[in-house]
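See below for the structure under consideration.
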Amino acid sequence: MNQLLFSARSSTFIRCWMVDTPMTVDLNEFEHPSWAAAAGTIAGYLLVLVLLTVALFIVPWLVFLAL
Numbered sequence: 001m002n003q004l005l006f007s008a009r010s011s012t013f014i015r016c017w018m019v020d021t022p023m024t025v026d027l028n029e030f031e032h033p034s035w036a037a038a039a040g041t042i043a044g045y046l047l048v049l050v051l052l053t054v055a056l057f058i059v060p061w062l063v064f065l066a067l
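Counting from 1, position 49 in the sequence shown corresponds to residue 49 in the UniProt record's numbering; the numbering is continuous, with no gaps.
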């Protein structure tokens with residue numbers, strides 16, 4: 001199956017061929033230390049977000065209910 005795509009930069013038409021082959025992913029690509037650092041960064045940010053949400057919303061709400 002092929003289709004024409006319009007390129008806005010050069011104002012020309014580019015012919016593309018869509019290949020119906022399954023995409024294979026080598027999972028060894030994700031063993032690099034940068035992936036562990038990225039996962040740790042995301043986990044750290046989520047932990048801080050949860051702690052701040054509890055400290056700024058849940059604790060005051062519980063104090064309000066206790067009054």
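Note that the Cβ used here is the ideal one computed from N, Cα and C, for glycine as well.
Length of the line joining the Cα atoms of residue i and residue j
i	j	result
residue 58	residue 32	38 Å
residue 6	residue 43	Low confidence applies to residue 6: its pLDDT is 49, below 50, so where it sits in the model is not reliable enough to give any reading.
residue 28	residue 56	41 Å
residue 60	residue 47	19 Å
residue 63	residue 37	38 Å
residue 40	residue 53	20 Å
residue 25	residue 67	57 Å
residue 4	residue 34	Reliability fails at residue 4, whose pLDDT of 49 lies under 50, so the model's placement of it is uncertain and no value is given.
Limits of the unbroken alpha helix (DSSP H) element including residue i
i	result
residue 50	33-53
residue 62	59-66
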